[in-house]
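First comes the structure, then the notes that go with it.
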Amino acid sequence: MSTHRIQQQGQADFVAPAGQHRTFTLRPLDFAVHLAIASSVALAGWAPEAQAQNAGSQAAAPARNYHIPAGPLAASLNRFAEEAGVLLTASGEVTQGKTSPGLQGSYSVQSGFAALLAGTGLEAFRQADGSFGLRPAPVASPRGETQLPTVTVQHKREFRVSKGATNLPMEIKETPQTISTIDQESLRDFGISNSNDALRMGTGINVEEWETNRTGYNARGFDVMLTQIDGLGMTNDWGLVEGQLDTFLFEKIELIRGANGLLTGVGNASGTINFVRKRPTNKNGGEIQLSAGSHGTKRLAADYNKVLTEDGRWAGRLVVAQENKDSYLRALNDKRTTIYGVVEGQIGQDGVLTLGLTYQDAKQRSPMWGSLTLPYANGRLADFDVSASTAQDWTRWNNKSLNTFIEYAHTLSPDWEAKVSYNHTKGRGATRLFYAYTADGYLNDDNTGLIGWPYRSQSETKSDILDLNLNGRFMAFGRQHEAVFGLSHSKQTSLTYSYDGATFPVMPAFPYDGDVYPEPEWGARSVASDGEQSITRFYAATRLALTDRLKGIVGLNAIKLKRDGTAIYGGGTNLDNETTEKASPYFGLTYDLTRDTLAYASYSDIFQAQDQRDINGAFLAPMKGVNGEIGVKSEWLNRKLLTTFALFSARQEGLATIAGFDPVAQQNYYEPKDVTSRGFEVEATGRISANTQITAGYTALRLTGADGKDIYEWVPRRTLKLRADTRVPMLPELRVGAAVRWQSDVSKSGGARQDAYALADAFAAYALSDKATLRLNINNVFDKKYLRTVQYGAIYGAPRSVLLSLDYKL
Numbered sequence: 002m003s004t005h006r007i008q009q010q011g012q013a014d015f016v017a018p019a020g021q022h023r024t025f026t027l028r029p030l031d032f033a034v035h036l037a038i039a040s041s042v043a044l045a046g047w048a049p050e051a052q053a054q055n056a057g058s059q060a061a062a063p064a065r066n067y068h069i070p071a072g073p074l075a076a077s078l079n080r081f082a083e084e085a086g087v088l089l090t091a092s093g094e095v096t097q098g099k100t101s102p103g104l105q106g107s108y109s110v111q112s113g114f115a116a117l118l119a120g121t122g123l124e125a126f127r128q129a130d131g132s133f134g135l136r137p138a139p140v141a142s143p144r145g146e147t148q149l150p151t152v153t154v155q156h157k158r159e160f161r162v163s164k165g166a167t168n169l170p171m172e173i174k175e176t177p178q179t180i181s182t183i184d185q186e187s188l189r190d191f192g193i194s195n196s197n198d199a200l201r202m203g204t205g206i207n208v209e210e211w212e213t214n215r216t217g218y219n220a221r222g223f224d225v226m227l228t229q230i231d232g233l234g235m236t237n238d239w240g241l242v243e244g245q246l247d248t249f250l251f252e253k254i255e256l257i258r259g260a261n262g263l264l265t266g267v268g269n270a271s272g273t274i275n276f277v278r279k280r281p282t283n284k285n286g287g288e289i290q291l292s293a294g295s296h297g298t299k300r301l302a303a304d305y306n307k308v309l310t311e312d313g314r315w316a317g318r319l320v321v322a323q324e325n326k327d328s329y330l331r332a333l334n335d336k337r338t339t340i341y342g343v344v345e346g347q348i349g350q351d352g353v354l355t356l357g358l359t360y361q362d363a364k365q366r367s368p369m370w371g372s373l374t375l376p377y378a379n380g381r382l383a384d385f386d387v388s389a390s391t392a393q394d395w396t397r398w399n400n401k402s403l404n405t406f407i408e409y410a411h412t413l414s415p416d417w418e419a420k421v422s423y424n425h426t427k428g429r430g431a432t433r434l435f436y437a438y439t440a441d442g443y444l445n446d447d448n449t450g451l452i453g454w455p456y457r458s459q460s461e462t463k464s465d466i467l468d469l470n471l472n473g474r475f476m477a478f479g480r481q482h483e484a485v486f487g488l489s490h491s492k493q494t495s496l497t498y499s500y501d502g503a504t505f506p507v508m509p510a511f512p513y514d515g516d517v518y519p520e521p522e523w524g525a526r527s528v529a530s531d532g533e534q535s536i537t538r539f540y541a542a543t544r545l546a547l548t549d550r551l552k553g554i555v556g557l558n559a560i561k562l563k564r565d566g567t568a569i570y571g572g573g574t575n576l577d578n579e580t581t582e583k584a585s586p587y588f589g590l591t592y593d594l595t596r597d598t599l600a601y602a603s604y605s606d607i608f609q610a611q612d613q614r615d616i617n618g619a620f621l622a623p624m625k626g627v628n629g630e631i632g633v634k635s636e637w638l639n640r641k642l643l644t645t646f647a648l649f650s651a652r653q654e655g656l657a658t659i660a661g662f663d664p665v666a667q668q669n670y671y672e673p674k675d676v677t678s679r680g681f682e683v684e685a686t687g688r689i690s691a692n693t694q695i696t697a698g699y700t701a702l703r704l705t706g707a708d709g710k711d712i713y714e715w716v717p718r719r720t721l722k723l724r725a726d727t728r729v730p731m732l733p734e735l736r737v738g739a740a741v742r743w744q745s746d747v748s749k750s751g752g753a754r755q756d757a758y759a760l761a762d763a764f765a766a767y768a769l770s771d772k773a774t775l776r777l778n779i780n781n782v783f784d785k786k787y788l789r790t791v792q793y794g795a796i797y798g799a800p801r802s803v804l805l806s807l808d809y810k811l
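Count along the sequence shown from 1, add 1, and you get the number used in our numbering.
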């Protein structure tokens with residue numbers, strides 16, 4: 002008979018670096034076993050119970066001789082299962098780092114498994130369908146009594162899998178959409194501590210950082226409207242993200258391209274960014290990072306995990322990071338303190354409870370509010386020093402946030418689990434800002450013409466997200482399928498106060514100093530905006546094994562979105578309890594062309610309420626995003642390298658697009674447009690040798706309006722992201738790596754433009770001991786001068802900088 006084997010799959014199929022956990026999966030050697038069993042059932046008229054009885058007879062079959070050498074546990078189990086003619090299914094992460102003494106002599110199936118697993122803390126057990134699985138072995142008490150292991154929570158810690166684009170626990174290769182990941186190892190290697198720099202590494206993602214504290218992201222030509230943490234989150238107002246997350250808190254970042262309604266509820270056809278938190282593990286230990294570098298950068302970060310009870314039921318993890326740095330921009334200083342704590346434990350035999358808290362305090366001195374004005378009326382662009390800033394010395398942009406979450410997962414049966422999650426976030430902001438602009442968008446020839454706008458505000462935000470879901474496996478038509486059903490409700494409120502006292506001074510020629518305009522005498526405080534949004538949604542999806550090779554995914558997401566108040570969604574006119582009710586389907590197919598190559602196709606749509614107003618001050622109707630994608634995913638080099646090729650078509654119907662400027666209201670007005678993005682993406686990620694790993698991604702697209710002409714010219718049509726690292730053969734303690742980012746030219750009608758450019762970063766890491774590593778990072782190695790965005794004005798990118806870090810394992 003055919004057997005299940007332990008095989009590496011998807012991006013998890015790399016050789017794991019020291020200290021880095023990778024996900025392995027026990028999968029079939031081929032799918033013929035399912036066809037064979039199904040055929041036998043059809044011909045012999047067996048009931049499903051008969052299959053289990055047949056498998057049981059195999060387990061009780063007479064002993065036979067085996068000659069399996071000692072080696073990695075996964076390889077030994079693979080060979081034994083194949084020679085014994087039994088099915089073995091489980092997640093392969095449980096075998097990671099474990100070895101087997103091998104098997105020499107005559108053994109039954111049960112005794113053979115026992116010998117191979119001796120000393121590993123694992124045992125083989127027969128599952129309901131007759132196949133074998135792996136689980137933690139029972140332990141003996143000091144009195145010699147056998148105890149049931151209290152390791153449900155440990156088992157879950159070993160088997161954590163992100164649910165990607167469909168809310169189903171599938172590997173990246175098996176998901177019918179393009180998904181990229183940026184793991185903690187890459188972030189550490191390249192000295193990246195903030196979310197904007199991290200996302201710049203991601204295939205197909207563009208970071209439009211057009212001022213110093215607000216950022217927009219786009220993918221496939223459209224703004225990313227949703228960023229999440231552990232699969233939960235609220236939409237980004239105006240598609241903007243305020244502040245940055247410290248990446249030391251996360252195991253990885255997932256970049257899911259295309260409409261993603263099953264995971265997010267609302268959004269658009271661009272994609273979703275999902276930050277995956279660090280969670281407790283089953284081992285005591287951690288690390289400390291010390292860093293110092295250009296522009297007065299000083300950073301301390303620590304991460305420690307502790308198993309809190311002897312039986313392993315409870316574990317906790319604490320992550321702290323503090324960073325203080327100046328900038329290449331005049332007078333800009335960022336100070337950020339982040340604390341994250343999480344505790345996880347077992348409740349009874351079937352429940353796992355997780356509680357966590359994240360606190361972040363970010364203070365910014367002399368921030369830029371808005372961008373630089375570079376164009377002259379004759380079409381030329383001003384050329385200033387990269388340090389040019391419009392800020393004044395008294396300006397500040399401070400944010401504090403507190404997030405708490407609780408999760409409870411309960412195993413209902415070997416195949417089904419129920420989970421409830423609750424997230425609560427509170428944020429406070431305080432700003433004193435200075436905006437510089439011209440009435441017509443152009444500088445005078447002597448660099449005068451700028452008008453100042455001082456502004457002061459205080460803001461409060463609060464969001465609550467409750468999600469309940471049921472997920473598991475079921476048998477039908479002789480095959481095993483997967484399903485998830487969920488119900489969630491989220492609510493967000495926002496209140497902003499602004500202060501009187503603003504004047505609009507005429508500024509001297511730019512660049513000017515940070516003290517040319519004193520802070521105003523602020524007057525009374527009044528409500529500038531006050532809004533509320535709630536989303537209730539039901540989602541369901543199933544992955545059906547249609548044949549041995551063909552899998553289908555069908556899903557539905559139904560939402561009820563309510564918005565009320567003014568402010569957070571545009572200010573001015575009340576929304577008056579605006580309600581949107583929509584349903585979005587999801588369809589996907591995957592087909593195994595070979596054992597290593599899979600073809601896929603998917604279709605989904607999604608809706609997004611819009612913050613923008615038309616010329617009459619009315620909010621635009623919700624936008625509909627439609628995404629179609631076909632592609633091929635392949636594994637190479639004994640499944641150490643995963644490649645993806647995708648063709649996509651994304652259409653935004655009724656998308657808010659700037660139509661003009663209202664001089665009375667001092668704001669843009671918009672009109673709905675149908676915009677289409679078509680293109681392709683190629684990505685390769687994994688190991689090409691035992692010591693060398695690479696990630697390479699290329700995106701090419703075309704953006705057109707309803708008239709078929711180019712639109713949104715500030716979005717780069719082609720981008721290339723490369724990064725690689727290797728261990729030096731002659732000096733194994735040394736690892737070196739480099740990253741290159743290239744994009745095609747961009748421009749803004751009536752604004753700035755930037756020719757195509759490439760940036761290169763590099764690092765060298767030397768292991769001083771098995772615990773201490775010294776690392777040198779050089780960013781923008783060739784000191785390229787460039788504009789990092791032209792979408793809303795312009796701002797120069799960072800010049801060359803260096804960072805020296807010491808990592809120490811605890």
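Ideal Cβ placement from N, Cα and C applies to all residues, glycine included.
In the three-state scheme derived from DSSP, where H, G and I count as helix and E and B as strand, Asp-593 is classed as strand. With the rule of 3 Cβ pairs closer than 8 Å, the stretch 547-566 counts as touching the stretch 583-597. Selection Pro-376, Pro-102 and Arg-158 evaluated against Gly-794 yields Pro-376 as nearest (Cα-Cα). Leaving aside the five residues that flank Lys-749 on each side, the residues in its chain whose CB is nearer than 7 Å to its CB run, in chain order, Glu-714, Trp-715, Val-791 and Gln-792. With contact defined as three or more Cβ pairs closer than 8 Å, the stretch 599-611 and the stretch 250-261 are in contact.
Note: His-411 is bridge-paired with Gly-352 and Ala-419 in the DSSP secondary-structure output. Short of 6 Å from the beta carbon of Ser-295, and not among the five residues preceding or following it, lie these beta carbons of its own chain, in chain order: Ser-802 and Val-803. Judged by DSSP secondary structure, Gly-113 falls within the alpha helix (DSSP H) whose first and last residues are 110-117. Contact between Leu-648 and Glu-630 is confirmed by a C-beta separation of about 7 Å, below the 8 Å threshold. When the five nearest sequence neighbours on each side are left out, the beta carbons in the same chain lying within less than 7 Å of the beta carbon of Glu-672 are those of Asp-615, Thr-658 and Ala-660, in order along the chain. Inter-segment contact for the stretch 387-397 and the stretch 360-375 is present: three or more beta-carbon pairs are separated by less than 8 Å. Per DSSP, the beta bridge partners of Leu-702 are Gly-680.
Per DSSP, the unbroken beta strand (DSSP E) holding Asp-565 starts and ends at 551-566. DSSP places Gln-185 in the helix class (H, G or I) of the three-state scheme. Beta-bridge partners of Leu-643 (DSSP): Glu-636 and Thr-686. For Phe-505, the three-state secondary structure derived from DSSP is coil. Only buried fits Leu-135, as 16 or more other CB atoms lie within 10 angstroms of its CB.
The stretch 753-807 is shown to contain whole beta strand (DSSP E) runs of 3 or more residues at 758-768, 773-780 and 788-790, in chain order. In this structure, Asp-362 keeps its C-beta atom at 8 Å or more from the C-beta atom of Lys-326. Ala-510 counts as exposed, since fewer than 16 other beta carbons sit within 10 angstroms of its beta carbon.
Excluding residues up to 5 positions away in sequence, Gln-105 lie with their Cβ nearer than 7 Å to the Cβ of His-68 in the same chain. Here Ile-779 is buried. Its C-beta has 16 or more other C-beta atoms within 10 Å. DSSP places Asn-334 within a strand segment (E or B) once states are collapsed to three. Per DSSP, Leu-74 is not a residue of any beta strand (DSSP E); the alpha helix (DSSP H) it occupies stretches across 74-85. Looking at the backbone, the Cα of Ala-761 and that of Gly-798 are separated by about 13 Å. For Asn-197, no beta strand (DSSP E) run applies; the uninterrupted alpha helix (DSSP H) run containing it begins and ends at 196-200, by DSSP. Residue pairing for Asn-400: DSSP places it in a beta bridge opposite Ala-363 and Gly-430. Each residue's CA atom was taken as its position, placing Pro-70 and Gln-694 some 29 Å apart. Rounded to whole angstroms, Arg-719 and Asp-231 show a C-alpha spacing of 30 Å.
By the Cβ criterion, the stretch 473-489 is not in contact with the stretch 522-531, since fewer than three pairs of Cβ atoms, one from each stretch, lie closer than 8 Å.
The C-alpha of Glu-255 lies about 21 Å from the C-alpha of Ala-600. Judged by their CB atoms, Glu-212 and Ser-372 are nearer to each other than the 8 Å cut-off. Leaving aside the five residues that flank Ala-773 on each side, the residues in its chain whose CB is nearer than 6 Å to its CB run, in chain order, Tyr-809. Counting other Cβ atoms within 10 Å of its Cβ, Asp-198 reaches 16 or more and is therefore classed as buried. Sequence-distant partners of Arg-201 (beyond 5 residues in either direction) whose C-beta falls short of 6 Å from its own C-beta, in its chain, are Val-208. Taking 8 Å as the cut-off, the beta carbon of Asn-404 is found no closer than this to the beta carbon of Ala-431.
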